[in-house]
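One structure is given here, and the rest of the page talks about it.
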Amino acid sequence: MSLESYLTRDEKPTDGYEENGCKWVVSDQRVMKYRKGSGTEEVFHDLSLDKITSIGVVRTGREAG
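Residue numbers (the numbering used here): 80 to 144.
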């Protein structure tokens, strides 16, 4: 399976990126996080856009500047 198999029929991905083996994708309906594990294992999380009230970005591990 792939991330595309989790999309609904009328859902279209609008943006996304991949980091540390995880794919983050935003559609017109939700935010999704997908990772393929070892063998046939898959990890999928999603959050509907109407449930998000705010987003914070924190930089760690490097000096911001």
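Glycine included, each C-beta is placed from N, C-alpha and C at the ideal position. Quick caveat: nothing in here was measured; it's all calculated off a predicted structure.
Tell me, please, which residues DSSP counts as bridged to Y96. Bridge partners of Y96: W103.
Specify the secondary structure class of L128 as computed by DSSP and reduced to three states. Residue state, collapsed to three classes: helix.
N- and C-terminal bounds of the beta strand (DSSP E) containing K91: That residue, K91, is in no beta strand (DSSP E); it is neither H nor E in DSSP.
Can you tell me whether E45 is helix, strand or coil according to DSSP? With the chain running from 80 to 144 in the structure shown, residue 45 is simply not present.
With 16 other Cβ atoms within 10 Å as the buried cut-off, status of Y96: Y96 is exposed by the Cβ-count criterion.
In whole angstroms, what is the alpha-carbon distance linking S81 and K115? Approximately 8 Å between the Cα atoms of the pair.
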